[in-house]
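Student: One structure is given below, represented as structure tokens, and several questions about it will come after.
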Amino acid sequence: MRLFDSHVHLDLIGGEDILRMAWGGVEAAMVPSPHLLKGLFEPESLFELWDKTLDYIVKYVASMGIEVYAGIAVPFYGIAAEKWEVCLKKMPEYLKEDRVVCVGEIGLDVANDHEKWLMREQIAIAKDAGLPLIVHGPTPREPQVVDVTDEIIKVLKDEKFPLDKVVLDHTGKNTLQKRLRSGCVTGLSICYDKLTAEEAAEIVEQNPAERNNIIIGSELGYGGAGHLSVVKAAWAMKHDGMPVSEIERVTWENPRRLFGLAVA
Ligand SMILES: [Zn+2]
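In structure tokens:
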């Protein structure tokens, strides 16, 4: 079965943990731009991290059998807000790199004016570059998650971004229906604070009409032990009797189409 991990911060994990994903059958992965930066307030720090992903992580992870594709974005936590514009100006240059196939993760966490401004700016940049978006939202147990999910969809619609080119990531059960009905792609996040592999499998099984608009990722990088998240979800779908061709729509074909990947 062909597996693509559609959201994994491989720049934050290493060695045998990445190998474990490869042993489980993950062949390709999307590494979103670093966010929640700790103590890195200068734009140069962000550019270093972008370079690290594109120059080093791509090759290091390929040496273990996983093809890496990347997202570029300016994080709303980390870089000092008055320096965001310096970062935004630099983005288009990085978006031209071969392995950069989306803008993300952008998004809202508490939906204050600052976050919304940064989100709108980056939607415009993605539009100019003709690239899809990965959109971050609050985790399912954060009290603001329902309202902020509505805000995210509203901003995307206000900006007239093509919704079928947007991944609404960090899905939990409490916002699932909203996301499936939004016209965006639903990113099922199989992670300690979002969905279990069995829950993700059940969502794919119970929503055949939406199956072209669902992708799955491990969200690994900020904790947890989700190296086999995508593998387990595929296993659960197979065990429940779903044909491999249907499983691969979600684990391979959808992300390949959405991000326009060259991988065969
Ligand atoms: Zn992330």
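Using our numbering, read the sequence shown as starting at 1 and increasing by one per residue.
Yeah, the Cβ is synthetic: ideal placement off N, Cα and C, and Gly gets one too.
Using only the heavy atoms of ligand 1, determine whether one of them is closer than 7 Å to the beta carbon of Glu105.
Tutor: Yes; taking the cut-off as 7 Å, the Cβ of Glu105 has a heavy atom of ligand 1 nearer than that.
Student: Under a Cβ-count criterion, where at least 16 other Cβ atoms within 10 Å of its own Cβ denotes burial, should Pro301 be classed as buried or exposed?
Tutor: The chain is shown only over 1 to 264; residue 301 falls outside these bounds and no answer can be derived.
Student: Take Lys116 and list the residues in its own chain whose beta-carbon comes closer than 8 Å to its own, dropping the five residues that flank it on each side.
Tutor: Same-chain partners within the cutoff: Leu108, Glu151 and Val155.
Student: Looking only at its chain, what residues have a beta carbon closer than 6 Å to the beta carbon of Ala233, apart from the 5 residues adjacent to it on each side?
Tutor: For Ala233, where only same-chain residues beyond five positions count, the Cβ hits under 6 Å are Ile190, Ala197, Ala200, Ala201 and Ile216.
Student: Judging by CA-CA distance, which residue of Val135, Glu246, Gly260 and Ala111 is the nearest neighbour of Val185?
Tutor: For the residues Val135, Glu246, Gly260 and Ala111, the minimum Cα distance to Val185 belongs to Val135.
Student: Could you pull out every residue in the same chain whose Cβ sits closer than 8 Å to the Cβ of Ile259, ignoring the five residues on either side in sequence?
Tutor: Per the sequence shown, residue 259 should be read as Phe rather than Ile. Counting only Cβ-Cβ distances below 8 Å, and skipping sequence neighbours, we find Met30, Tyr69, Val101, Cys102 and Pro132.
Student: Less than 7 Å between the CB of His239 and some heavy atom of ligand 1, yes or no?
Tutor: No, since every heavy atom of ligand 1 falls outside the 7 Å radius drawn around the Cβ of His239.
Student: Could you check if Pro32 belongs to the surroundings of ligand 1, using beta carbon to heavy atom distance under 7 Å?
Tutor: Yes, Cβ of Pro32 sits closer than 7 Å to a heavy atom of ligand 1.
Student: Can you tell me whether His9 sits near ligand 1, meaning its C-beta is under 7 Å from at least one heavy atom of the ligand?
Tutor: Yes, the Cβ of His9 comes within 7 Å of a heavy atom of ligand 1.
Student: Give me the Cα-Cα distance between Ile214 and Val86, rounded to the nearest whole angstrom.
Tutor: Their Cα atoms are separated by approximately 34 Å.
Student: For Phe4, report the span of its beta strand (DSSP E) as first-last.
Tutor: First-last of the beta strand (DSSP E) with Phe4: Leu3 to Asp5.
Student: Rounded to whole angstroms, what is the Cα-Cα separation between Lys59 and Ala209?
Tutor: Taking the straight line from one Cα to the other gives about 37 Å.
Student: For my contact list, Gly267 and Leu163 are in at a C-beta cut-off of 8 Å; report their separation, rounded to the angstrom.
Tutor: There is no way to answer for residue 267, as the model of the chain reaches only from 1 to 264.
Student: Could you check the C-alpha separation between Val8 and Arg20 for me, to the nearest Å?
Tutor: Going from the Cα of Val8 to the Cα of Arg20 covers about 14 Å.
Student: Alpha carbon to alpha carbon, how far is Asp5 from Met119? Give it in angstroms, no decimals.
Tutor: When rounded, the distance between both Cα atoms is 24 Å.
Student: Please state whether the Cβ-Cβ distance between His114 and Ala62 is less than 8 Å.
Tutor: Cβ atoms of His114 and Ala62: not closer than 8 Å.
Student: When every heavy atom of ligand 1 is checked, does at least one fall within less than 7 Å of the C-beta of His227?
Tutor: His227: no, Cβ never under 7 Å from ligand 1.
Student: Given that a residue counts as buried once 16 or more other Cβ atoms are within 10 Å of its Cβ, and exposed if not, what is Leu36?
Tutor: Classification for Leu36: exposed.
Student: In angstroms, rounded to a whole number, what distance separates the CA positions of Lys165 and Met242?
Tutor: Straight-line Cα distance between these residues: approximately 26 Å.
Student: What I want to know is whether the C-beta of Glu219 ends up closer than 7 Å to one or more non-hydrogen atoms of ligand 1.
Tutor: Indeed, a heavy atom of ligand 1 lies less than 7 Å from the Cβ.
Student: Based on the DSSP output, what are the partners of Tyr69 in its beta bridges?
Tutor: In the DSSP output, where bridge partners are listed per residue, Tyr69 has Met30.
Student: Just verifying my parser: in three-state terms, what is the DSSP assignment at Gly290?
Tutor: Shown here, the chain extends from 1 to 264; a query on residue 290 therefore has no answer.
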